[in-house]
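**Q** 422 is the number of the first residue of the first sequence in this note's numbering; add one for each residue after it. Positions of the beta carbon are idealized from the N, C-alpha and C atoms, including for glycine. Structure below; questions to follow.
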Amino acid sequence: MTYSPAIDHLHDHSKAQVAAAVQHALSGILSLAELPSGLEIDKIYGMLERPPEAAMGDYALPCFRIAKELKRKPQDVADELSKALTAGGSPWIEKIDTAGPFMNIHVPASALAQNLVPAILDGSLIERNKRATGPRPKVMIEYSQPNTHKSFHVGHMRNVVLGDSLGRIYKACGYPVMMVNYIGDEGAHIAKCLWYILKNNQKAPDTQMGEWLGRMYSSASAALDAVTDDDKIKVNEELSQILREIESKQGPTFDLWKKTRQWSINEFNEIYAWSGAHFDHWFSESEVSEESQEIVDEYLEKGVFVNSEGAVGLDLKDEKLGFVILRKRDGNTTYATKDLALARRKFSQFNIEKAIYVVASEQNLHFKQVFRTLDKMGFPQAKSCYHLSYGMVVGPDGKMSSRAGNIITFNELRERLDLELAKYLDKYRGDWSDAEIKDATHKLATGTIRYGMVCSDPVKDIVFHLKDWADFEGNTGPYLMYAYARTRSILRKAKDSGLSLKDANLALLSSPEEKDVLRYLNDLNNVIIQACESNKPSVLCHHLFNMCKANNRSLAANPVLKAETAPLRSARVLLAEAFTESLKYGLSLLGIEPPERM
RNA sequence: GGACCGAUAGUAUAACGGAUAGUACAGCAGGCUUCGAACCUGUUAAUGGGGGUUCGAUUCCCUCUCGGUCCGCCA
């Protein structure tokens, strides 16, 4: 048996073919018209896994569950099924080794190559993921959420890169996605920053005003820490006065707020442009502020919220979530209240069915409270809210904080990256145009920082170590980009020599190294789905890295342009092209664009 | 005091409950008159302690230890 329409929805074509053959063999040994439940094609497909080592086979079927279903010994099932499968004569089954209860199935490299390489080159493989079956709710990914008037540092980059990559991955899996920002443009930190500027009559520079504001904020924090107890009441009154003046929406302080707020936004935009992140819409705290007051009134009246100790909130102590303050004693709403107002907008104004919040793990409790509150308020979408929590980016000397000022700012990061990468690209000066060197530097810089930021599991803290991330060896962005550039170079030579690829015989791609590459190319679609379902771009990073290792090994063992025969040479050129196309696509989902040469 | 998260070689990372715990950096030993050695090959080295569930546990449950984060008027 070969292709059957019943397996069209399974993304891994070769695995689906093997699953179909297994099912056929099973029905044969059972002599049944219908298989018992639990042995449908999808279930068998799900049972097939990769053996621990490539040499052992392409797919392994652990026979424990089937044996349980049939009430027989796993080894016996493996042996008998193996015989039936061999007799079945599927072109997708090369041979079968049984190892106790495991049935290891070898797929012929030729079948893999002939099906896979053309599907990659004409783009149809990528499309398989996009036209996936199943519900595709409208997704909103909220990320970055920087505070204005504070420094934007490397810690914030992790969020940008994580959120942006996740959006690209969701789109690749066929979801309608909306990317949004939510800036913190009101509250105590603004008052502190402006207070310091006004108090000390500070003058802004002509460039990099956003970064200057960050320094003003740090100075303000230091100055406020030094305030004596006697002066505290007076200073607090000054800060409150600034907040009131901003709230009044007129006067010199309000104008200063508006002007400085825009400086921060301009800085953010530069950063997003540099990193390749984009937003479909920007929200701000100041715009949902009034709405958050209305929400408190509305749900206080409905009896959902309660008065307590002069404040208004929601008691979630029974659920070990404490008491959520929604309106403070002074009458102002809190961060949580604004998140409620924002969520309501997401649901009603933008018809969002699944809301993802990319926010650091410090906010774990906050989002549990917000989602639970939305639920109590009666929003059914509350159940589809997801907080993608991620660990801190710590410097070699511990946590970075804009309060303390021990941070690496964005501009500093960019300079250090350029410096680090210059030692690799400077040798091309004079040889390449300055524009190409500049372009390659930018691609390498963003690729380096992006890969470093997302290659480990979001839940883990990461230590920011630029030298390691910019290394060309190991699991780094530059290594992957080099693997691309290197293979592209071979393809350029093939093209320049005017090779006709019409004589290519893909069935000749049968070396172990080439088969290994084919397997990684074959698995890419499933890995993208897995990255999407687990909300972990890191899954994709690991796969792409291993794919590059496999390709480098293959290039070392199997010469492309110096292949023994013309049909083999052409086949290897096509494989190399399939590799570069797949890698380029995979990297694009991480927001990384590799240079054509480096 | 309470809640949540984490702990895998010197360092960094991986493993739908499945086979001999995979990989990288560093280390050690090798391979270039190269389709790009920014590469490849070989090698040393790890599941924090103790229980439990299971045919089978790095994975699930309990407990202890260590580390991090958060916990009613910051955002």
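For Asn516, which of helix, strand or coil comes out of DSSP?
**A** First, the residue type needs correcting, since residue 516 is Lys and not Asn in the sequence shown. Note: Lys516 maps to strand in three-state DSSP.
**Q** Secondary structure at His886, three-state DSSP: helix, strand or coil?
**A** Here His886 sits in coil by DSSP.
**Q** What does DSSP give as the partner residue(s) for Ala644 in the beta ladder?
**A** According to DSSP, which records beta bridges pairwise, Ala644 is partnered with nothing at all.
**Q** Excluding sequence positions up to five away, which residues of its chain have a Cβ less than 8 Å from the Cβ of Leu743?
**A** Note that residue 743 is Gly in the sequence shown, not Leu. Within the same chain, Gly743 has close Cβ partners Leu737, Leu786, Gln790.
**Q** Quick check on DSSP: helix, strand or coil for Arg589?
**A** Three-state result, Arg589: helix.
**Q** Give me, in chain order, the residues of the same chain whose beta-carbon lies closer than 6 Å to that of Gly731; leave out the 5 immediate sequence neighbours on both sides.
**A** Closer than 6 Å at Cβ, skipping near neighbours: Arg750.
**Q** In chain order, what residues of the same chain have a beta carbon less than 7 Å from the beta carbon of Met422, not counting five sequence neighbours either side?
**A** In this prediction, Met422 scores a pLDDT of 38, lower than 50, which makes its location untrustworthy; the coordinate-derived value is nonetheless stated afterwards. Excluding sequence neighbours, Met422 sits near Ala441, Ala442, His445, Ser511.
**Q** With a 10 Å radius around its C-beta and 16 neighbouring C-beta atoms as the bar for buried, classify Asp847 as buried or exposed.
**A** Classification for Asp847: exposed.
**Q** State the DSSP-derived secondary structure class of Arg765, mapped to helix, strand or coil.
**A** Three-state result, Arg765: helix.
**Q** My output table needs one value for Gly816: the three-state DSSP class, helix, strand or coil.
**A** Of the three classes helix, strand and coil, the one that applies to Gly816 here is strand, per DSSP.
**Q** Out of Thr649, Asp463, Val880, which has the shortest C-alpha to C-alpha gap to Glu783?
**A** That would be Val880, whose Cα lies nearest to the Cα of Glu783.
**Q** Here's a check: name, in chain order, each residue in its chain whose Cβ is nearer than 6 Å to the Cβ of Leu795, leaving out the five neighbours to either side.
**A** Ala764, Ala803.
**Q** Considering only DSSP beta bridges, list what Leu901 is partnered with.
**A** None; Leu901 has no bridge partner.
**Q** Let me know if Ala476 comes out buried or exposed under the rule of 16 or more other beta-carbons within 10 Å of its beta-carbon.
**A** Ala476 is exposed by the Cβ-count criterion.
**Q** What would DSSP say about Asp878, mapped onto helix, strand or coil?
**A** Of the three classes helix, strand and coil, the one that applies to Asp878 here is coil, per DSSP.
**Q** Cutting at 7 Å between CB atoms, please list the residues of its own chain near Ala625, excluding the five before and the five after it.
**A** Excluding positions up to five away in sequence, the list reads Trp633.
**Q** Going by C-alpha to C-alpha distance, which of Leu1004, Leu945, Met813, Val884 sits closest to Tyr900?
**A** With distances taken between Cα atoms, Tyr900 lies closest to Leu1004.
**Q** Exposed or buried, what is Ser696 when buried is set at 16 or more other beta-carbons lying within 10 Å of its beta-carbon?
**A** Flag for Ser696 reads buried.
**Q** Would a C-beta distance cut-off of 8 Å place Leu961 and Val981 closer than the cut-off?
**A** No.
**Q** Grab the span of the alpha helix (DSSP H) containing Asp944 for me, first residue to last.
**A** Asp944 -> alpha helix (DSSP H) spans 933–955.
**Q** Go ahead and label Gly866 buried or exposed: buried means 16 or more other beta carbons lie within 10 angstroms of its beta carbon, across all protein chains shown.
**A** Contrary to the premise, residue 866 reads as Ala rather than Gly in this sequence. So Ala866 ends up on the buried side.
**Q** Go ahead and pull the three-state DSSP assignment for Ala843.
**A** If DSSP states are grouped into helix, strand and coil, Ala843 belongs with the helices.
**Q** So Ala593 and Leu1010 are supposed to be a Cβ contact under 8 Å. How far apart are they, rounded?
**A** So it is a contact: roughly 6 Å between Cβ atoms.
**Q** From Glu563 to Val745, what does the alpha carbon distance come to, in whole angstroms?
**A** Each residue's Cα considered, the two are about 22 Å apart.
**Q** If you check the beta carbons only, do Asn568 and His610 fall under 8 Å apart?
**A** Yes.
**Q** Compare the beta carbon distance of Gly1012 and Asp585 with 8 Å and say whether it is the shorter of the two.
**A** The answer is yes: Cβ separation under 8 Å.
**Q** Let's see if you can read the secondary structure: which residues bound the alpha helix (DSSP H) around His574?
**A** It is not in any alpha helix (DSSP H) - His574 carries neither H nor E in the DSSP assignment.
**Q** Nearest to Leu942 by alpha carbon, out of Arg557, Leu542, Asn832?
**A** Ranking the options by Cα distance to Leu942, first place goes to Leu542.
**Q** So Val733 and Lys797 are supposed to be a Cβ contact under 8 Å. How far apart are they, rounded?
**A** Not a contact, Cβ separation roughly 14 Å.
**Q** On a Cα-Cα basis, can you pick out the residue from Ala987, Val814, Arg907 that is closest to Pro885?
**A** In the sequence under discussion, the amino acid at residue 885 is Phe, which differs from the Pro named in the question. Of the listed residues, the one whose Cα sits closest to Phe885 is Val814.
**Q** Looking at the structure shown, is Thr1001 part of a helix, part of a strand, or coil, going by DSSP?
**A** Thr1001: helix per DSSP, three-state reduction.
**Q** With a cut-off of 8 Å on the beta carbons, I'd call Gly478 and Asp518 a contact; round off their distance for me.
**A** Right, the Cβ-Cβ distance comes to about 6 Å (below 8 Å), so this counts as a contact.
**Q** Which one of Pro483, Phe704, Leu546, Glu501 has the shortest CA to CA distance from His430?
**A** Among Pro483, Phe704, Leu546, Glu501, the Cα nearest to that of His430 is on Leu546.
**Q** Jot down the residue ranges of each uninterrupted alpha helix (DSSP H) in the region 715–803, minimum 4 residues, whole runs only, in chain order.
**A** With a minimum length of 4 residues, the continuous alpha helix (DSSP H) runs that stay inside the region 715–803 are 756–771, 785–797.
**Q** Taking C-beta to C-beta, are Met874 and Leu583 nearer than 8 Å?
**A** Against a cut-off of 8 Å, the Cβ pair of Leu583 and Met874 comes out as a contact.
**Q** Is it buried or exposed for Gln438, if we count other Cβ within 10 angstroms and need 16 for buried?
**A** Classification of Gln438: buried, given that the 10 Å Cβ count is 16 or more.
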